[in-house]
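Enquirer:
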Amino acid sequence: MIYTICMMGKVDFFIDSADPQEIKKALSLGLVDGVTTNPSLMAKEGRKPSEVIREIADLVQGPISAEVLATDAKGMIEEGKKLARIHDNVTIKLPMTEEGIVALGWFSQNNIKTNLTLVFSPLQALVAAKNGASFVSPFIGRLDDIGHSGMQLIREIKTIFDNYRMETKILAASVRHPEHVREAALAGAHVATCPYDVLKKIFAHPLTDKGLKAFLSDAKKAGLSV
Ligand code: G3P
Numbered sequence: 002m003i004y005t006i007c008m009m010g011k012v013d014f015f016i017d018s019a020d021p022q023e024i025k026k027a028l029s030l031g032l033v034d035g036v037t038t039n040p041s042l043m044a045k046e047g048r049k050p051s052e053v054i055r056e057i058a059d060l061v062q063g064p065i066s067a068e069v070l071a072t073d074a075k076g077m078i079e080e081g082k083k084l085a086r087i088h089d090n091v092t093i094k095l096p097m098t099e100e101g102i103v104a105l106g107w108f109s110q111n112n113i114k115t116n117l118t119l120v121f122s123p124l125q126a127l128v129a130a131k132n133g134a135s136f137v138s139p140f141i142g143r144l145d146d147i148g149h150s151g152m153q154l155i156r157e158i159k160t161i162f163d164n165y166r167m168e169t170k171i172l173a174a175s176v177r178h179p180e181h182v183r184e185a186a187l188a189g190a191h192v193a194t195c196p197y198d199v200l201k202k203i204f205a206h207p208l209t210d211k212g213l214k215a216f217l218s219d220a221k222k223a224g225l226s227v
């Protein structure tokens, strides 16, 4: 399975955050190929979303998802145009609704990158891909929360996209723990967007800590220095 992933392209890690300070810290971990934001994350910042996106775009080289707040296609297009002007890396995040799909058509025709969010079914993903979405964001944690399988959703989207050679990328969202990341990679998701605390947990293993402690203690006992 790992072989299949390697043959088909690379896996990207995005950070799910609108906090520039947190993003700066995550950059040093070498795991920030892009950023996803949403209105709830923006609300925590308490600043104008366009200002926050501009600041993030100065920090990160890679796609930055900025979400519209309008619920009608016309409003989404107007807001998306403003957000897209901030930086070439801005990806317009649209809700997976009928109006979102209408707006998606406009962005696709105008070669503006998009991320269809709040995807909870394989058919929603298929509709988004058919209409030219750059990314679809299946929310795996929120499905698990209601007793469904987020990972089954990723697997089904992957099969459908592979069946028809669709270029839309699967961006595993609502990631709650490293196990989600591992399973999403095995299922062939192209991106996992993780909160900062999940990114940090990817590095942690109790045997790494235990092993390092023992090595350093042996070195100290022997009076070693490099
Ligand atoms: O950015 C969207 C998504 O990752 C939200 O995650 O934890 O609020 O379900 P969560």
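Plus 1 on top of the position in the sequence shown (first one is 1) and you've got our numbering.
By construction, the Cβ of each residue, glycine as well, lies at the ideal position given by its N, Cα and C atoms.
(1) For the putative contact between residue 38 and residue 68, defined by C-beta atoms under 8 Å, what is the C-beta separation to the nearest angstrom?
(2) Measuring straight from C-alpha to C-alpha, what distance separates residue 7 and residue 192?
(3) Provide the residue span of the alpha helix (DSSP H) that contains residue 81, from first to last.
(4) Are residue 59 and residue 100 closer than 7 Å when you measure CB to CB?
(5) My assumption, with CB atoms under 8 Å, is that residue 151 sits in contact with residue 142. Please give the rounded CB distance.
(6) Look up residue 164 in the DSSP assignment and say whether it is helix, strand or coil.
(7) Among the residues of its own chain, which have a CB less than 6 Å from the CB of residue 145, if the five just before and after it don't count?
(8) Specify the secondary structure class of residue 29 as computed by DSSP and reduced to three states.
(9) Kindly provide the ranges of any beta strand (DSSP E) runs that are 3 or more residues long and lie completely inside the stretch 89–120, ordered along the chain.
(10) So, with DSSP's three-state summary, where would you put residue 170?
(11) The alpha helix (DSSP H) that contains residue 54, what's its start and end?
(12) Considering only the beta carbon of each residue, do residue 117 and residue 103 sit closer than 7 Å?
(13) State the Cα-Cα distance for the pair residue 75 and residue 132, rounded to the nearest angstrom.
(14) Below 8 Å on the Cβ atoms is my guess for residue 14 versus residue 33; work out the distance and round it to an integer in Å.
(15) In terms of DSSP beta bridges, what is residue 68 paired with?
(16) Would you list the residues whose beta-carbon is nearer than 6 Å to any heavy atom of the ligand G3P, in the order they occur in the chain?
(17) Between residue 161 and residue 173, is the Cβ-Cβ spacing less than 7 Å?
(18) Am I right that residue 85 and residue 113 are in contact with their C-beta atoms under 8 Å? What's the rounded C-beta distance?
Expert: Reading off the structure:
(1) 6 Å
(2) Any reading at residue 7 must be qualified, since the residue scores a pLDDT of 39, below 50, and its modelled position is unreliable; the value itself is stated next. Approximately 14 Å, taken between the alpha carbons.
(3) 74–87
(4) no
(5) 6 Å
(6) helix
(7) 151
(8) coil
(9) 91–96 and 115–120
(10) strand
(11) 50–60
(12) no
(13) 17 Å
(14) 7 Å
(15) 94
(16) 17, 37, 39, 140, 142, 143, 174, 175 and 194
(17) no
(18) 5 Å
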